[in-house]
Amino acid sequence: MNPIFGALKTTVFTEMSALALQHRAVNLGQGFPDSEGPQDVREAAARAIFDGPNQYPPMQGLPALRQTIAVHYARFHGLELDWRTETLVTAGATEAISAAILALVAPGDEVVMLQPLYDSYLPMVRLAGGAPRFITLKPPHWDLSDEALSVIGPQTRLVILNSPLNPGAVVYSREQLARLAALCIQHDVTVISDEVWEHVVFGGLVHTPLIAMPGMRERTVKIGSAGKIFSLTGWKVGWTCAAPHLTAAIAKAHQFLTFTVAPGTQAAVAYGLGKDDAYFEDMRAGYARSRDRLAAGLKAEGFAVLPSQGTYFLNIDLPASGIALDDRTFCLRAVQEAGVAAIPVSAFYEQAPVTAIARLCFAKKDETLDAGIERLARARRLFS
Ligand code: GLN
Numbered sequence: 087m088n089p090i091f092g093a094l095k096t097t098v099f100t101e102m103s104a105l106a107l108q109h110r111a112v113n114l115g116q117g118f119p120d121s122e123g124p125q126d127v128r129e130a131a132a133r134a135i136f137d138g139p140n141q142y143p144p145m146q147g148l149p150a151l152r153q154t155i156a157v158h159y160a161r162f163h164g165l166e167l168d169w170r171t172e173t174l175v176t177a178g179a180t181e182a183i184s185a186a187i188l189a190l191v192a193p194g195d196e197v198v199m200l201q202p203l204y205d206s207y208l209p210m211v212r213l214a215g216g217a218p219r220f221i222t223l224k225p226p227h228w229d230l231s232d233e234a235l236s237v238i239g240p241q242t243r244l245v246i247l248n249s250p251l252n253p254g255a256v257v258y259s260r261e262q263l264a265r266l267a268a269l270c271i272q273h274d275v276t277v278i279s280d281e282v283w284e285h286v287v288f289g290g291l292v293h294t295p296l297i298a299m300p301g302m303r304e305r306t307v308k309i310g311s312a313g314k315i316f317s318l319t320g321w322k323v324g325w326t327c328a329a330p331h332l333t334a335a336i337a338k339a340h341q342f343l344t345f346t347v348a349p350g351t352q353a354a355v356a357y358g359l360g361k362d363d364a365y366f367e368d369m370r371a372g373y374a375r376s377r378d379r380l381a382a383g384l385k386a387e388g389f390a391v392l393p394s395q396g397t398y399f400l401n402i403d404l405p406a407s408g409i410a411l412d413d414r415t416f417c418l419r420a421v422q423e424a425g426v427a428a429i430p431v432s433a434f435y436e437q438a439p440v441t442a443i444a445r446l447c448f449a450k451k452d453e454t455l456d457a458g459i460e461r462l463a464r465a466r467r468l469f470s
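Quick look at the structure:
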């Protein structure tokens with residue numbers, strides 16, 4: 087067995103969803119909506135599957151989707167991408183991340199990751215033979231401070247960024263990203279920028295794609311996800327956008343990871359990315375309402391709620407809520423004893439600090455959120 091995977095636990099998202107099922111708990115853990123996603127996009131997939139073709143699509147993705155990705159980012163972010171040489175469709179962002187890491191990390195390369203970090207990054211960096219280092223971001227603001235970023239230096243070859251940040255729920259400003267960009271330019275570093283939450287931002291905040299910042303166009307791999315944009319997480323359609331030399335390398339890894347992605351869902355995502363602005367605004371407004379409902383309900387029950395500027399997630403500070411448990415213990419006991427699943431934020435840290443923060447997913451129907459609030463209130467009474 088490969089020791090890198092042999093030593094790994096099952097991801098915390100699967101672990102908590104399984105416990106939620108077992109204990110019939112309200113599942114505010116793993117980040118997925120409890121709705122089916124837009125009907126017209128699903129109909130487009132059904133039609134595409136009936137009408138075909140259903141044989142292997144091109145390895146880099148359906149031209150119709152790749153063209154739409156380029157048009158979509160020109161429309162929303164003013165990017166100019168050549169769809170033929172600068173886009174690649176993957177089986178979700180998770181494959182995009184794996185393919186990019188395997189393609190861009192050579193044995194011995196120093197790879198700097200921001201923690202909290204999504205749990206797929208580190209095993210893939212290790213598999214590629216990279217030497218991991220961490221930038222530790224601290225709640226409640228998870229700032230990209232000069233001190234935190236000072237880990238990036240002459241030895242660094244690659245940085246992995248997640249912006250907006252899961253689980254921190256921060257939408258990084260242009261100023262914060264400029265600090266990171268300056269260091270990457272100074273040390274000639276490539277960046278994998280996991281931007282799957284780019285459309286899920288609230289309060290009029292604007293997502294800044296790192297690839298659009300001066301000096302970053304040739305050194306950034308931008309990763310996107312239809313699952314997050316269309317609340318269709320099960321479809322596993324993602325993509326990379328990057329300069330031709332980077333895209334060509336990533337395609338070499340992709341061809342042996344999945345080769346390609348189901349054509350019907352690709353065709354439907356191509357349709358979806360072309361939807362009018364109202365779709366994107368309504369999606370954001372709907373999630374903002376859910377965030378506010380969960381936050382208000384939890385505050386009324388005595389919870390200390392951290393700000394959420396974007397993503398599907400809201401964090402609660404356990405000690406400030408009067409709960410003297412670490413977050414993993416809280417989440418394990420909450421699912422078993424109070425019937426509500428959450429994700430311990432410490433699971434996103436490879437190195438200290440262990441946090442006492444629990445992440446809740448609010449991409450849920452009102453009745454799910456209300457039931458979650460009631461169960462969390464029960465947990466707070468039990469554990470404080
Ligand atoms: N991105 C999702 C989350 O943060 C999890 C994805 C997964 O379970 N693989 O909850």
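Just so we're aligned, residue 87 is where the sequence shown starts under this note's numbering, counting upward by one. Glycine residues also receive a C-beta, built at the ideal position from the N, C-alpha and C atoms.
Check                                                                                                       : Outcome
For Gln146: DSSP bridge partner residues                                                                    : Answer by DSSP bridge pairing: none, since Gln146 is not bridged.
Supposed close pair Ala255, Asn401 - CB separation, criterion 8 Å                                           : 7 Å
Lys451 in three-state terms, based on DSSP                                                                  : coil
Nearest residue (CA-CA) to Val257, options Thr276, Val282 and Ile271                                        : Val282
Same chain, Cβ closer than 7 Å to Ala185, neighbours up to 5 away in sequence not counted                   : Thr176, Ile336, Ala339, His340 and Leu343
Candidates Gly289, Thr276, Gly425 and Glu101: closest to Ala192 by CA position                              : Thr276
For Trp325: DSSP bridge partner residues                                                                    : Val175 and Gly310
Residue from Gln437, Cys417 and Tyr435 with nearest C-alpha to Ile429                                       : Cys417
Simplified DSSP assignment, three categories, for Met299                                                    : coil
Whole-angstrom distance between Met302 and Ala334, CA atom to CA atom                                       : 18 Å
Which listed residue (Leu223, Ile187 and Ser231) has its alpha carbon closest to that of Leu213             : Ile187
Contact under 8 Å by Cβ, Leu190 with Ala298                                                                 : no
The region 106-119 contacting the region 430-449, beta-carbon criterion three pairs below 8 Å               : yes
Beta-ladder partner(s) of Ser249, from DSSP                                                                 : Its beta-bridge partners do not exist; DSSP assigns none.
Proximity of Asp504 and Gly216 at Cβ, strictly below 8 Å                                                    : Residue 504 lies beyond the residue range present for the chain, which begins at 87 and ends at 470; the question has no answer from this structure.
Three or more C-beta pairs below 8 Å linking the region 450-458 and the region 123-140                      : no
Limits of the alpha helix (DSSP H) - the one that Asp378 falls within                                       : Asp363 to Ala386
One or two residues paired with Leu396 in a DSSP bridge                                                     : The residue you asked about is not Leu; residue 396 is Gly in the sequence shown. Per DSSP, Val287.
heavy atom of the ligand GLN below 7 Å from Gly254 C-beta                                                   : no
Ranges of the beta strand (DSSP E) found wholly within the region 417-468, counting only runs of at least 3 : 443-447
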